[in-house]
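In the numbering used here, the protein residues as written are 23 to 139.
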Ligand SMILES: [Zn+2]
């Protein structure tokens, strides 16, 4: 279960941030995940929700944004979107391509709510 490990990773980072800002309650954790990581969003949501129960993040929600795979051809220098993991250039059919996006995995933003003072 790839998703459980990723969810744990996200939670560790979010909790680390939470420790440095104890006055804030994390409401939403926005993550950017490239299509190459090949996650199933429903499984990641499920893993997250079960892992955050009984932690300070139990009220938080995960917001997942999937980045499609794009690549550039080293032969004709054109950029294109990669469909269904077909790693060849649709223009000149070269296999010499460089993946430009789709490998992302990071927290874009933590949406917090500060306690009223
Ligand atoms: Zn090409």
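Glycine residues also receive a C-beta, built at the ideal position from the N, C-alpha and C atoms.
Counting along the chain, the unbroken beta strand (DSSP E) around residue 101 starts and ends at 101–103.
Of 80, 69, 92 and 116, the smallest CA-CA separation from residue 31 is found for 69.
Taking a contact to require three or more Cβ pairs closer than 8 Å, the segment 88–102 and the segment 44–51 do not qualify as touching.
Judged by DSSP secondary structure, residue 70 falls within the alpha helix (DSSP H) whose first and last residues are 63–74. Per DSSP, the unbroken alpha helix (DSSP H) holding residue 26 starts and ends at 24–42. For residue 74, the number of other beta carbons within 10 angstroms of its own is at least 16, and it is reported as buried.
If the five residues before and after residue 95 are omitted, its C-beta is found closer than 6 Å to the C-beta atoms of 111, 116 and 119, all from its own chain and listed in chain order. Residue state for residue 133 is assigned as strand, using DSSP reduced to three classes. For residue 59, the CB contacts under 6 Å within the same chain, skipping 5 residues up- and downstream, are 127 in chain order.
Summarising the contact set, residues whose Cβ lies nearer than 6 Å to any heavy atom of ligand 1 are, in chain order, 95, 97, 98, 100, 111, 113, 114 and 116. In the DSSP assignment, residue 77 falls outside any beta strand (DSSP E) and carries neither an H nor an E.
In the structure shown, residue 57 adopts helical secondary structure according to DSSP, grouped into three states.
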